[in-house]
Amino acid sequence: MYDLLIIGAGIVGVSLGRYFQLEHNWQCLLIEREERCGQGISARNSEVLHAGFYYPADSLKAKLCVPGRAQLAAYLISNNLPYRQCGKYVLAPDEQVAELEQLYRQGLTNGVNDLDLVDGDYLHRLYPELAAMPALYSSNTGILSVDSLLHQLAGEFQAHGGDLAVQTVFHSMHRNNTGYDVTLTDIEGEEITVSAAHVINAAGLGALDVARKAGFITRYKDYELRYCKGSYFKAPDARGAFKHLIYPLPTINSLGIHIRIDLQDEVRIGPDANYLATNEEDYSVDPESEQAFREYVELYWPGVAGHQLTIDWAGIRPHIFVAGEFSHDFQVNDENESGCPGWVNMLGIDSPGLTAAPAFGPHIAELWGL
Ligand SMILES: Cc1cc2nc3c(=O)[nH]c(=O)nc-3n(C[C@H](O)[C@H](O)[C@H](O)COP(=O)(O)OP(=O)(O)OC[C@H]3O[C@@H](n4cnc5c(N)ncnc54)[C@H](O)[C@@H]3O)c2cc1C
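Encoded structure:
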């Protein structure tokens, strides 16, 4: 009998496993349908530790991103893992400067205290290829290697006695007197049943499907998961041109096509945001979209015209719609009221889910009164 079963070994599931195994001394089982941890959404994102100024103060995104960033930065540094606190500028044209000021105020309300407003001349002097636009500067924003982080977290989880079962898929569950009997399928299609007092569904793109298979049909009858694809282009000859991340103002469903730098100083632009017609993991990048990327980015990076762009890769955001309406926030749903105490369904864990990853464990522990 496990204290906790976690479904899905992305950055969220692995962080939860490490937290409950090490901090609560619980016996945990982490299951993953792929061959290795972190092959889902966690393998395809901007690898940015966000400061937390985009989100409304009462949202879970704000509540978990701000402490998550601080915990993750400290963890990366103390474990000597690849990480750079590079800082970030969010640019806006003069007529939208009020939106920058709003982000600044939102940041202060959320407890983000590293922010500064700078004028257009300042940024243009720093990067002559950029338009002279006012900007919000966040010095705490950083970049990391998700792969190294996942490897470290999963290693610690297992070294402290946590069990990891890969190529193992969630099938169904039944309530018992003390928790749940969960049926899993292995790579040969063999079914095994394990018992756990608590279960967290952290299955990313598969989370709504898992919730329904677990029997939460009525609870989630109005829910729809839509795959929102974000593609990236690379600018190989711009390598080293930027020391900071450069973002436009956010849009309704994304942070906007930004200039992303990585730890090797490579420059990429992306991601855009397009809903896929069907929920299939299509990671192809449409070469025809290059012109649209250029036109979008040229508004704040006119210098992009002098650079070649090559197709890079794409990731998929798990967007949740409830009764047809986009649900902006993370959903970390304690199913006590559905008659399933100790079961949590995590839905719509989009950006900043990587940054917030270490904060989900303490949040769920609080929901469970631990
Ligand atoms: C384009 C893009 C850019 C982003 N940029 C950032 C960023 O810069 N900063 C940031 O903080 N966040 C960012 N995010 C968000 C961040 O990547 C995600 O919030 C985070 O990776 C989600 O992790 P996860 O563990 O919930 O999901 P996943 O990594 O997808 O993990 C879920 C796991 O569950 C497994 N699974 C699914 N179904 C089953 C099943 N039935 N049985 C067993 N296992 C199952 C999957 O194989 C997968 O490994 C970005 C996201 C995208 C798409």
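In terms of the numbering used here, the sequence shown opens at residue 7 and continues consecutively. Here a beta-carbon is modelled for each residue, glycine too, at the ideal position from N, C-alpha and C. Note that this is a predicted model, so its numbers are computed, not measured.
C-beta contact flag for residue i and residue j at 8 Å
i	j	result
Ile263	Phe222	no
Leu123	Ser144	no
Leu170	Ala363	no
Thr257	Ala279	yes
Gly354	His325	yes
Asn342	Asn351	no
Glu53	Asp268	yes
His250	Cys71	no
Gly367	Tyr25	yes
Thr189	Thr199	yes
Ala202	Leu11	yes
Gly16	Ile47	yes
Ser388	Pro88	The first residue shown for the chain is 7 and the last is 376, placing residue 388 beyond what the model contains.
Gln33	Tyr8	yes
Ala311	Val273	no
Ala76	Val118	no
Val205	Glu38	no
Lys227	His177	no
Gln45	Gly168	no
Asn207	Ile13	yes
Pro277	Ser260	yes
Leu360	Asn51	yes
Three-state secondary structure (DSSP) of residue i
i	result
Ala365	helix
Ala104	helix
Gly148	strand
Tyr128	helix
Phe299	helix
Lys240	strand
Thr189	strand
Val328	strand
Phe176	strand
Ile370	helix
Lys94	strand
Asp340	strand
Ser290	coil
Arg181	strand
Ser48	helix
Cys71	helix
Lys235	strand
Ala279	coil
Val118	coil
Gly345	coil
Ile17	helix
Residue of the options minimising C-alpha distance to residue i
i	options	result
Leu211	His130, Asp100 and Arg323	Arg323
Asp318	Leu305, Val338 and Phe239	Phe239
Ser290	Gly236, Thr191, Gly117 and Gly345	Gly236
Ala320	Glu287, Trp349, Arg225 and Ile12	Glu287
Arg90	Gln108, Gly44, Asn146 and Ser65	Asn146
Ser86	Gln33, Leu150, Ser333 and Pro347	It should be pointed out that residue 86 corresponds to Asn in this sequence rather than to Ser. Residue Leu150 is the option with its Cα nearest to Asn86.
Ile370	Val273, Glu29 and Tyr128	Glu29
Pro347	Asp125, Gln297, Gly185 and Asn51	Gly185
Tyr306	Glu331, Glu105 and Leu129	Leu129
Leu373	Ser357, Gln337, Thr361 and Leu360	Gln337
Asp64	His334, Gly359 and Leu360	His334
Arg181	Ala365, Ser344 and Gly359	Ser344
Ala165	Val328, Asn31, Tyr110 and Asp215	Asn31
Gly126	Glu296, Asn116 and Gln102	Gln102
Phe163	Glu294, Pro308, Tyr302 and Cys43	Cys43
Arg225	Tyr110, Lys69, Val328 and Lys94	Val328
How about the stretch 226-236 and the stretch 195-214: do they share at least three Cβ pairs that are nearer than 8 Å?
Enough Cβ pairs lie closer than 8 Å, so yes.
Using 8 Å as the threshold, is the stretch 139-155 in touch with the stretch 87-102, meaning 3 or more CB pairs across them?
yes
Please determine if the stretch 154-162 and the stretch 11-25 are in contact, where contact requires at least 3 C-beta pairs separated by less than 8 Å.
Yes, they touch.
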